[in-house]
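Asks:
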Amino acid sequence: MELCAPPRPTTAPPKIMPPPLACDCHAHILGPPNRFPYVAERSFTPPDALEDAYLRMLGTLGIERMVIIQASVYGIDNTRLLAAVETLGPQRAFGVGMVARDVAPETLRDLDNRGIRATRFITTAKGGPGLDSLGAVARKVAPFGWHIEMYVPPAAWPGLLPIIDTLPVSVVFDHMAAMRAGVQPNDPILLDVLRKLDSGRHWVKLCGYRASDAGYPYADVAPLAELFIRHAPDRCVWGTDWPHTNIPGHMPEDGELLDLLAAWAPDEKVRHKILVDNPATLYRFA
181 MELCAPPRPT TAPPKIMPPP LACDCHAHIL GPPNRFPYVA ERSFTPPDAL
231 EDAYLRMLGT LGIERMVIIQ ASVYGIDNTR LLAAVETLGP QRAFGVGMVA
281 RDVAPETLRD LDNRGIRATR FITTAKGGPG LDSLGAVARK VAPFGWHIEM
331 YVPPAAWPGL LPIIDTLPVS VVFDHMAAMR AGVQPNDPIL LDVLRKLDSG
381 RHWVKLCGYR ASDAGYPYAD VAPLAELFIR HAPDRCVWGT DWPHTNIPGH
431 MPEDGELLDL LAAWAPDEKV RHKILVDNPA TLYRFA
């Protein structure tokens, strides 16, 4: 299996520095595979992306808090995630894991005690549990105050969005609900996602480049990002998506990605919500 390109070895600082206690709500720590082996059924093989490199990047960006997301290449084995949260924490790093429908309450209690705040469903890559277990997993994690983060293709939303209304937990729509940059404002799926945000239960995670059709410098993402921010500034969080796995061509520059957020949300108070207040509420930072 072909190895993904690595992240940039150095990071350019952003033009506008974030406020104190800003949070990167989406990053992965990966490898080394001789200590933390990848699942056989996976869509890609990443290079090592370790804690020290991630902290150097965040230091350049001026970001103090972080949420580490279970990568699909680890499936439901959260060992690497727990090690990363322990190394990066305490209290400045939390995690989003991946669990199956048969997960035991004592396992969830241990994960919660060790800084895991949610579970993830991803069907855009191999490795995670199937969506048929969504309801069962939601009922398992609800007593722990967890939410569910979902990264699924737009074609899956017509069947899933009605189910989300019945879940006993909040949902975070990862990577702008996987909408494409050119989606029309009256698209029925987008409108339904916006209605979910209006409920005050659910969230959307902004990402600078995954939605782009045009590619670098990702200018076509702005209308979609600005729509989410304008519609629901209290329900948006943001993430770098470091180390940018499975990206062909141009490797994203994290300082530029933070500058994109500043362009989407020029109001400093709105950026404070997205980078500080909203993550503190969602992930239970002190």
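Residue numbers for the sequence shown follow my numbering, so the first one is 181 and each next one is one higher. Cβ atoms here follow ideal geometry from the backbone N, Cα and C, with glycine treated the same way.
#1: Which full runs of the beta strand (DSSP E) of 3+ residues lie inside the stretch 356 to 431, going along the chain?
#2: CA-CA distance, Y389 and I296?
#3: Within 10 angstroms of the Cβ of G308, are there 16 or more other Cβ atoms? Answer buried if so, exposed if not.
#4: Please return the same chain residues whose Cβ sits closer than 7 Å to the Cβ of M246, not counting the five positions on each side in sequence.
#5: Keeping to the same chain, check which residues put their C-beta closer than 8 Å to that of R281; ignore five residues upstream and five downstream.
#6: For Y254, which residues of its own chain have a beta-carbon under 8 Å away from its beta-carbon, when the five flanking residues on both sides are left out?
#7: I need the straight-line Cα distance from L438 to W422, nearest angstrom please.
#8: Can you tell me whether G339 is helix, strand or coil according to DSSP?
#9: Grab the span of the alpha helix (DSSP H) containing R236 for me, first residue to last.
#10: Let's test the definition: count the other Cβ atoms within 10 Å of the Cβ of K385 and tell me whether it reaches 16, buried, or not, exposed.
#11: Start and end of the alpha helix (DSSP H) containing D292?
#12: Who are the near neighbours of K376 in its chain, counting only those whose CB is closer than 6 Å to its CB and skipping five residues on each side?
#13: Specify, as a first and last residue, the run of the beta strand (DSSP E) that Y468 falls within.
#14: Is DSSP giving E448 helix, strand or coil here?
#15: Per DSSP, what kind of secondary structure is D204 in: helix, strand or coil?
#16: Tell me which residue opens and which closes the alpha helix (DSSP H) that G315 is part of.
Replies: In this structure, then:
#1: Within the stretch 356 to 431, complete beta strand (DSSP E) segments of at least 3 residues are found at 383 to 386, 416 to 418, given in chain order.
#2: Per the coordinates, the alpha-carbon of Y389 lies some 26 Å from the alpha-carbon of I296.
#3: Classification for G308: buried.
#4: Here M246 has C203, D204, A207, L238, L268, R272, A273 as same chain residues with Cβ atoms under 7 Å from its own Cβ, once five neighbours each way along the sequence are excluded.
#5: Within the same chain, R281 has close Cβ partners P309, S313, A316, V317, K320.
#6: Answer for Y254: F216, Y218, V219, R260, L261, M278, G307, listed in chain order.
#7: Roughly 12 Å separates the two Cα atoms.
#8: It is helical.
#9: For R236, the uninterrupted alpha helix (DSSP H) run begins and ends at 231 to 241, by DSSP.
#10: For K385, the number of other beta carbons within 10 angstroms of its own is at least 16, and it is reported as buried.
#11: Looking at the DSSP string, the run of the alpha helix (DSSP H) that includes D292 is 285 to 293.
#12: Its chain contains H382 as the residues whose beta carbon lies nearer than 6 Å to that of K376, once the 5 sequence neighbours on both sides are disregarded; these appear in chain order.
#13: Nothing about residue 468 can be reported from this structure: the residues present for the chain run from 181 to 466 only.
#14: Three-state DSSP puts E448 in a helix.
#15: In this structure, D204 counts as strand in the three-state DSSP scheme.
#16: Going by DSSP, G315 is part of the alpha helix (DSSP H) stretching over 314 to 321.
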